[in-house]
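Peer 1: The structure follows.
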Amino acid sequence: MKTKLVIIGITGDLSTRKLLPALEQIISTGDFDDLSIIGVSRRELDIDNLLASSLGNTQLSGCISGFSMDISNGEDYMRLKDFIALGDNEQLLIYLSVPPVATPHIVEFLGQAGLNMPQVKLLLEKPFGVDLESARQMIDHVAKYYSEEQVYRIDHYLAKEMTQNIVAFRGGNALFDHVWNKSAIEKIEVVALEKIGIEGRAQFYEQTGALRDVLQGHLVQLLALTLMEIPRDFDWNDMAALRLEALNQLQPADPSRAVRAQYSGYQGEVSNSGSLIETFAAIELTSNSPTWQGVPLMLATGKSMDRKTTEVRVYFRKNHEAQTNRLIFKIQPYEGVEIELYTKKPGYDREFERQRLSFEYPEEIKLPDAYEQVIVDAIRSKKSLFATGNEVLRAWEVLQPVQQHWDMNSSDLKTYSRGADLYTLI
Ligand code: BG6
């Protein structure tokens with residue numbers, strides 16, 4: 000089926016850093032000749048210039064056109080509709096690559112202009128609200144114009160190659176499948192640490208913080224993939240329902256098991272000497288499910304840490320120290336799986352030593368970027384890697400006690416030096 004993709008906000012940071020390079024890759028496979036792209040911007044746009052400055056030499060110029068409009072003017076959406084001129088056997092993907100405050104109005108205007116026919120899909124970027132109530136309002140608002148089937152909520156962590164591999168690895172290896180429960184597993188850590196700070200996104204970050212920016216969506220979803228049941232027949236269509244089931248079994252977060260901190264220098268960077276926004280957040284969750292009851296589930300994320308790493312670490316129960324087996328899903332920057340185990344240290348003495356069994360994709364294998372996967376799956380109507388409204392709401396519900404506690408108390412905000420180590424903060 001012929002696909003038209005409209006990107007609202009084509010000149011923005013997400014579009015130039017992620018979407019255009021992803022589209023370039025997709026087009027270069029030669030499998031998507033039926034895809035054409037319309038880039039919407041406020042000002043008159045020289046598309047070739049934009050492509051040249053963000054991609055250099057590109058194959059995209061042949062299949063992309065520009066359209067300028069005022070996104071706060073309803074009539075302009077009628078002009079956009081005429082410009083798109085969607086044919087009978089065509090589908091339309093509308094990607095909102097805009098600041099979150101703009102989303103509700105744009106959705107309303109699109110709906111009023113009739114750009115919500117059944118063959119239209121709406122791709123939305125996080126954050127989906129800032130708390131349970133605002134997320135509910137946003138989901139209800141979008142539902143006035145688009146059915147849940149038409150809405151593709153992007154959490155790009157779900158579409159990372161190694162994230163998908165958590166499910167494949169668990170289901171594809173009987174060795175681990177049989178011990179994936181509280182009897183064998185002592186604790187699980189899901190961490191996403193970054194060396195970079197807020198990179199000039201002062202306004203965004205001041206309204207967001209680490210809990211909302213990364214923990215609520217990205218890390219909670221990684222946890223869901225780690226805890227959920229694997230469908231025996233590997234039907235990826237069941238994934239969203241299974242993730243939700245795992246989320247539904249989480250206990251609401253306990254504020255006394257949460258830590259927040261801010262790196263020193265942050266307040267100067269955002270020109271707000273009283274800012275209480277956390278650049279580091281960690282929480283310990285527990286699950287009520289019979290499989291996971293009693294297993295601590297730690298989620299942590301931070302900016303300006305000592306390293307860039309995203310990992311899911313699974314610790315197995317042990318009888319003595321030299322049995323600490325740890326399975327690590329390395330999501331980035333190196334993609335692979337590592338198992339720490341103990342063997343006999345060579346020599347006359349009978350001692351143990353720690354060894355690693357590991358697998359990493361060789362550097363020459365270019366793994367698809369998450370945004371390539373997101374766009375391809377949306378074209379193909381595959382929804383398993385998109386967050387449903389119920390998952391979004393449940394994630395906010397679990398975190399709500401911590402959010403409320405942090406809103407009402409300021410005394411527990413710690414400060415850390417740039418380059419801090421995770422375990423010194425928790
Ligand atoms: C985004 C956050 O969702 O994810 C950023 O808004 C964060 O603050 C980014 O840096 C991390 O994504 P990735 O793919 O680089 O790990």
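Letter by letter, the sequence shown follows residues 0 to 425 in numbering that gives the first Met the number 0. Where is the CB? At the ideal position from N, CA and C, for every residue including glycine. Keep in mind it's a predicted model, so treat the numbers as computed, not measured.
Is DSSP giving Thr414 helix, strand or coil here?
Peer 2: strand
Peer 1: If I'm right that Gln261 touches Thr278 with Cβ under 8 Å, what's the distance once you round it to whole angstroms?
Peer 2: 5 Å
Peer 1: Given 8 Å as the limit, is there contact between the stretch 101–108 and the stretch 22–34, that is, 3 or more CB pairs closer than that?
Peer 2: no
Peer 1: Asn271 and Glu205 - do their beta-carbons sit closer together than 8 Å?
Peer 2: yes
Peer 1: Cα separation between Arg353 and Arg379?
Peer 2: 45 Å
Peer 1: Could you tell me the alpha carbon to alpha carbon distance between Ala201 and Gly208, rounded to whole angstroms?
Peer 2: For the pair Ala201 and Gly208, the Cα-to-Cα distance works out to about 10 Å.
Peer 1: Find the nearest neighbour of Arg242 within the set His177, Phe385, Phe358 and Glu185, judged by alpha-carbon distance.
Peer 2: Phe385
Peer 1: To the nearest angstrom, report how far apart Phe315 and Ser27 are at their CA atoms.
Peer 2: 43 Å
Peer 1: Roughly how many whole angstroms lie between the Cα atoms of Met227 and Glu244?
Peer 2: 7 Å
Peer 1: Go to Gln354, then tell me how far its beta strand (DSSP E) extends in each direction, as first and last residue.
Peer 2: Phe351 to Glu359
Peer 1: Would the stretch 322–332 count as touching the stretch 212–219 if we require 3 or more Cβ pairs under 8 Å?
Peer 2: no
Peer 1: Grab me the residues of Gly55's own chain with a C-beta within less than 8 Å of its C-beta, minus the 5 sequence neighbours each way, in chain order.
Peer 2: none
Peer 1: Look at Arg41 and Ile70 and say whether their C-beta atoms are less than 8 Å apart.
Peer 2: yes
Peer 1: For my contact list, Ile46 and Ile63 are in at a C-beta cut-off of 8 Å; report their separation, rounded to the angstrom.
Peer 2: 6 Å
Peer 1: For Val313, tell me which candidate among Lys181, Thr387, Ala239 and Asp348 has the shortest Cα-Cα distance.
Peer 2: Lys181
Peer 1: Ligand 1 and Val311: does the residue's C-beta get closer than 7 Å to at least one heavy atom of that ligand?
Peer 2: no
Peer 1: Count the C-beta pairs between the stretch 298–305 and the stretch 407–419 that are closer than 8 Å, then say yes if the count reaches three, no if not.
Peer 2: yes
Peer 1: Keeping to the same chain, check which residues put their C-beta closer than 8 Å to that of Met0; ignore five residues upstream and five downstream.
Peer 2: Asp33, Asn88, Glu89 and Gln90
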